[in-house]
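Heads up: the structure comes next, in structure tokens.
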Amino acid sequence: MKSNSKKQIVSSNRRARFNYEISESIEAGILLRGSEIKSIRDGKINISEGYVQIRKNGAWLHNVHIAPYQPGGINGQHKPLRVRKLLLNKKEQKKILLAMSKENLTIIPTSVYLKTRLAKVEIALAKGKKNVDKRNTIKKRESDRDINRSLKNRQ
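Encoded structure:
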């Protein structure tokens, strides 16, 4: 297997950086069925409402919608919102649980991508932002745009 294999991003959670303060991100595999991987390759996945729960028997991805694969027919289709297992080793799970116990953190999926032939999900430890923090983020972004615009006009 290549060490520097390319990532083909299929879906990203664009609102994650706005709604959460992201502290650390981890790559995890997803346990999928045949029709699910085909739908992901077609880009028919929505992770904006997704979250991760860690239990005794592993990490589980909830609320991620993978559309049914149309050419597959009616038989053998998957449920679009089924709970999917994430492939993390015990060391990574313990690390996440330790970080979650120290602070009030949530685990959210930030992006889904294809690495070689495998579907991977990037999950992040995140803390929810308050409305004031969101407003400050918007103000900072707008002021940066104004500064860049004025510098561009000078040149």
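Using my numbering, the letters of the sequence shown correspond one by one to residues 32 to 186. Each residue gets a CB set at the ideal place from its N, CA and C atoms; glycine is no exception.
Taking the Cα positions, L156 is about 6 Å away from I53.
Note that the C-beta distance between L62 and L118 is below 9 Å. Listed as beta-bridge partners of N77 by DSSP are H96.
Under the three-state reduction of DSSP, Q39 is assigned to strand. The beta carbon of Y51 sits closer than 8 Å to the beta carbons of T137, I139, A155, A157, K158, G159 and K160 from its chain, once the five residues preceding and following it are set aside; these are given in chain order.
Separation of I169 and N44 (C-alpha to C-alpha, rounded to the nearest whole angstrom) is 18 Å.
As for any alpha helix (DSSP H) of minimum length 4 sitting wholly inside the stretch 103-134, the runs are 121-133, ordered along the chain.
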